[in-house]
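In UniProt numbering, the protein residues as written are 1 to 152.
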C-alpha cells in the first residue's frame, strides 16, 4: 500500500452520470464531502473539476476503484482507471486509486444515521462515498498510483 502524502487531496467517486467529490488533508486525517458533479458531456464535467482544482489547489487526486465483492474487476473498474488517467493527463497531478468496494454502503449508513433519506440522500450519496474513499486513503493508503510514468 502507498501512504497518503501531505497536502490537500481531492477524491472522486466516479460514475458515468455523477461524480462525487471530497476534500481532505492527510496531516489532519479527515475528509469532507464537497460536491457532486453532473453534466451532459465529459468536457462539462472536466471543466467543473478544473474549477474545483483551482479553488482547492490539491497536491494529489484519489479515485475510487470499484471491484466485485470477491475482488475481481468489472467495466466500472476500467472506466474509473481511465477517468484517473484522464485527470492526470489534463491536470498533471499524481493520481492514487483506492479500493472502494464498501464506500457506497458506508455512505448510505452515514446518511441514514443523519436521517437523510430519499431524494435528499441521492443528492449527496456520491460525495459522501468520495469522503469514504478519501478517508480510506488516509487510513490505509492506496492500492495503485499513476504519475504518467508508472503504475504500481
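For every residue, glycine included, the Cβ atom is placed at its ideal position computed from N, Cα and C.
Boundaries (first-last residue) of the beta strand (DSSP E) holding residue 25:
Under the DSSP assignment, residue 25 falls in the beta strand (DSSP E) whose first and last residues are 18–25.
In the DSSP assignment, what are the bridge partners of residue 37?
Its beta-bridge partners are 19.
So what does DSSP say about residue 93, is it helix, strand or coil?
Reduced to three states, the DSSP call for residue 93 is coil.
So, is residue 41 buried or exposed, given that buried needs 16 or more other C-beta atoms within 10 angstroms?
Residue 41 sits exposed, since fewer than 16 C-beta atoms from the chains shown fall within 10 Å of its C-beta.
Taking C-beta to C-beta, are residue 133 and residue 71 nearer than 7 Å?
At a Cβ-Cβ threshold of 7 Å, residue 133 and residue 71 do not count as neighbours.
Can you give me the C-alpha to C-alpha distance between residue 99 and residue 67, rounded to a whole angstrom?
Distance between the alpha carbons of residue 99 and residue 67: 7 Å.
Are there 16 or more other CB atoms within 10 angstroms of the CB of residue 15, so buried, or fewer, so exposed?
Counting of Cβ neighbours within 10 angstroms places residue 15 among the buried residues, the total reaching 16 or more.
Which residues in the same chain as residue 150 place their Cβ atom closer than 7 Å to its Cβ, once the five residues preceding and following it in sequence are excluded?
Because the pLDDT of residue 150 is 46, which lies under 50, any placement of that residue in the model is unreliable, and the number read from its coordinates should be weighed accordingly. Excluding sequence positions up to five before and after residue 150, its CB lies less than 7 Å from no other CB in the same chain.
Tell me which residue opens and which closes the alpha helix (DSSP H) that residue 46 is part of.
Element bounds for residue 46: 42–56.
Mind checking residue 17: buried by the 16 CB within 10 Å criterion, or exposed?
Residue 17 should be labelled exposed.
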